[in-house]
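As structure tokens, the structure follows; a few thoughts come after it.
Protein chains in written order, with my numbering: chain L, 526 to 1027; chain E, 106 to 638.
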């Protein structure tokens, strides 16, 4: 009777299949122009509904019909070519021109004769150095609320900055003036804004970064990697150069990938007390779990057209070819928050991404240089809400004695109020010059209470202890909604830079 | 003490060397060498630019048009100028169309049909008996420049003679001096192929193979080795190529050596520390192809050490068709802010937005993007074409203030900018030819270029005219340098006394030491560059 029972087992598992990501968020893969490899590096919207897209191969394409329900309605027109890697593209509503951030220049492009191809290429700013090292990428933003463009500059290699402003975030004013704005950047992968227009960038695991991170670009701040700090000499507006991290945090004799005997002493939370300009990452995009190569930052400004996550951020990843979801809050004056897995399964490594007013995320990229799980060498895709609401933790907020969770659907009070439905682990990374790092200083706290809110959609967790500077990894496998379904994703990683006061 | 048993093909009954084996295989009845050749999508090239066959070998080429344009495959006799042949039919296009763009040319000995997109055709033929390079090309108008390759008809060489082995035992991290060690065992290698045969997984030994190798004539020979672990090849007692230390066998090392005609002493040394065991050796001469001297061969051994690199970076030529094409990237000799421009007609420049100066000009194909469009995008790519001119050296500004014009001009520092210069951008005209804009010491400068003649064909008289429009006032003692190095004035032309002679023509130009200069002032400066003298 064995085959028979197996048959039934299969049937029942199919019938009761747990929801999967694609039930809620659909990915559509577009055909791309045959004459090129469309290695998407940056995407913005034009006022007429078309997209404008910059590529790693230095082309800029206008894209029509990508919003259509019929993917074959997409069409492409080459707007410009021959630029040096377009990792930032921005339509400027003020002067109605296209701005491209390339390896050594922010270029304003104009189509004067109106044939759909750019014919004037103005240098808006090239006020930073380029040494010829491959690592010196320049990532550009869209225009911020003040009308400025932001540029983040990769270091020369992972450790140093051999030419001005490598490892910095710059602002380019409308008249082309360059304002050095933040130091301490290592290897940015994307720039984006939250719903209020605050500026963030994604950095990548490496020296002084145990993991990829989402970082808040507060003007004047030092973002953690001291490799480019000699350029304070060229940035009087930034005030004095920050003191260096403590000497024992530097590499010394031990090499990349090698553990230091006795462990690394440096901690971001300790160094913050010494280095007044040091701003810790808002969210650690936990290495290997959330991603390995963070890139585009996309805010859901569609007021519900992308589902229940209004104003939250979606972070793309080149290596994992995925999107993760971030909820941020401000505690004691600085940004912090939680990252959840969101959607796997993009066709190649994501680099550029943008949401349109209809709540459609357009994203694309390539696997070139680092490899990507997606499997295709490059892709251009669309991610849309199917209209079905996934059962997810909606927000996770820090409280003086724990966390508050809200959910996208009414919760089952029994499972949500059961301490056994949750587990928590706390850890951090060493703040050190050596490349990457392990999850260290692990603490397994006690969850002392899980109180279901009167609204039936929230839970108050009491945790002992909370640890300032640690990532609080919360699992909530046991929680069910009122229909008896488990959560679509059952883990979140909250970066607790600050513990709120009572 | 560990037991070690080593058998070196002791039971081999055959005594054929490698070359004999290869030739007898090719002569087998019904044995056909199958070669796949494809045109690549939107790249105007075949996926292989070299096909190697043996003289008289039966060959089947499966030719597939993977592109969206029609292409054919036309084989010509050695020495045929396929570019000229393909272009010649443009003189009578009506007739050429009737022939479906197949030139009426006696040098053609094999060809496919003009394949429509995604069509396939099989060409079955016997390779020419005569060795040589037989060019192949697509003769559809405009394709021949980049869609071409060589069918190389080349035999294999001879193998080793009188090969002996000596086995040594020891635990080494690098090759020892075997001459000071006593062999554990010695013997003959009947099939004359370097090989290591074990009856079990073994570690910690070394083998020295000695024998004779016959150079068919005086000349340069290339030797290839690979091993797991260390290997070294010596000819007449002198080291030719070595790959010492403990490592896997994947990497092939190669070096050339001059040999006189006749027999030479061959010596191949190997040690095994632990793990995998592999040895490879091969050689190549001017009139024979890479010939293995070992039983085992790594993947891609036919192409030597370059095999892997080539596969990673198949060329991505940037095609220049009806209008100028721009390529901004790291161009070798043009700095970090280089702007390459390929003009129709096979004339190209690289302009530097660092020095605000013309860095390079060259003929033929424009740029190969494969270095920058594979992997992470680093490295300086040299021009793809030929006859590269560098009138003022590497990325140095043309404008300079000096009391005397024989002064030393600034030299490039990778991480610094030239003071006083500001880069403004470029504007494309109706033909999409760029005018570069910048300022120097408050003066506004616009630079444009016009190309004439044909850089793609011999005697095409390619000429580049550069116009520099200077508006505003310049500092006193400002000079504009057109050329650096030795130039000879001949009837108003300045001819570079270079390995590659070319001329610069500019009214008012003068030599001052190593500088060909003009006093810089407002107005328009016209400079003509010609490859011919």
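Note that beta-carbon positions come from the ideal geometry of N, C-alpha and C, so glycine has one too.
Annotation for residue 928 of chain L: 921, 986 place their beta carbon closer than 6 Å to its own, counting only its chain and skipping 5 residues before and after. Taking the beta carbon of residue 245 of chain E as reference, no residue of chain L falls within 7 Å; the closest one sits roughly 17 Å away. Within chain E, the residues 479, 480, 481, 482 have their CB atoms less than 9 Å from the CB of residue 894 of chain L, given in chain order.
Counting C-beta atoms within 10 angstroms of its own C-beta, residue 730 of chain L has 16 or more neighbours from the protein chains shown and is therefore classed as buried. Residue 563 of chain L: not part of any beta strand (DSSP E); DSSP gives it neither H nor E.
Setting aside the 5 residues that flank it on each side, residue 590 of chain E is surrounded in the same chain by 601, 603, 619, each with a C-beta closer than 7 Å to its C-beta; the list follows chain order. Around the Cβ of residue 223 of chain E, a 10 Å sphere holds fewer than 16 other Cβ atoms; the residue is exposed. Distances from the CA of residue 228 of chain E to each of E:253, E:260, E:166, E:262 were compared; the closest alpha carbon is that of E:166. Straight-line spacing of the CA atoms in residue 202 of chain E and residue 695 of chain L works out to 58 Å.
Looking only at E:554, E:446, E:509, E:560, the smallest Cα-Cα distance to residue 584 of chain E is reached by E:509.
According to DSSP, residue pairing for residue 629 of chain E in a beta bridge involves E:574. Residue 733 of chain L has its alpha-carbon roughly 7 Å from the corresponding atom of residue 959 of chain L.
For chain E, the residues of the stretch 540 to 564 of chain L that bring a beta carbon within less than 7 Å of one of its beta carbons are 559, 560, in chain order. Proximity of the stretch 868 to 875 of chain L to the stretch 888 to 898 of chain L meets the contact definition, three or more beta-carbon pairs being nearer than 8 Å.
Using a CB distance cut-off of 7 Å, residue 676 of chain L does not count as an interface residue toward chain E. For residue 198 of chain E, the enclosing alpha helix (DSSP H) has its first and last residue at 198 to 203. Residue 147 of chain E reaches chain L at 559, 560, 561, counting residues in chain order whose Cβ is nearer than 8 Å. Take residue 690 of chain L, set aside five residues on each side of it, and the residues of its chain with a beta-carbon closer than 6 Å to its own are 653, 678, 756, in chain order. For residue 632 of chain E and residue 610 of chain E, the gap between their C-alpha atoms comes out near 6 Å. The stretch 350 to 366 of chain E makes contact with the stretch 324 to 337 of chain E, as at least three CB pairs between them are under 8 Å. Taking CB atoms only, residue 645 of chain L has a neighbour in chain E less than 7 Å away.
Under the three-pair Cβ rule at 8 Å, the stretch 599 to 610 of chain L counts as touching the stretch 424 to 441 of chain E.
In this structure, residue 460 of chain E lies away from residue 443 of chain E, with their beta-carbon atoms at least 7 Å apart. The shortest C-alpha to C-alpha distance from residue 592 of chain L to any of L:930, L:884, L:939 is the one to L:884. For the stretch 423 to 438 of chain E, residues whose beta-carbon sits nearer than 7 Å to a beta-carbon of chain L comprise 430, 431, 432, 433, 434, 435. A direct Cα-to-Cα measurement between residue 573 of chain E and residue 550 of chain E gives close to 7 Å. Taking 3 residues as the minimum length, the beta strand (DSSP E) runs contained wholly in the stretch 234 to 268 of chain E are 237 to 242, 253 to 258, in order along the chain.
According to DSSP, residue 401 of chain E shares a beta bridge with no other residue. About 6 Å separates the Cβ atoms of residue 968 of chain L and residue 992 of chain L, confirming a contact at the 8 Å cut-off.
Taking a Cβ-Cβ cut-off of 8 Å, the neighbours of residue 173 of chain E in chain L comprise 559, given in sequence order. In terms of CA proximity to residue 675 of chain L, L:615 leads the group L:728, L:615, L:636, L:634. In the DSSP assignment, residue 966 of chain L falls within the unbroken beta strand (DSSP E) covering 965 to 968.
Of all residues in the stretch 601 to 624 of chain L, only 606, 607, 608, 609, 610 place a beta-carbon less than 8 Å from a beta-carbon of chain E. Counting only the Cα atoms, residue 878 of chain L lies some 23 Å from residue 545 of chain L. DSSP places residue 456 of chain E in the strand class (E or B) of the three-state scheme. Taking a C-beta cut-off of 7 Å against chain L, the contacting residues of the stretch 524 to 543 of chain E are 528, 529, 530, 531, 532, 533, listed in chain order.
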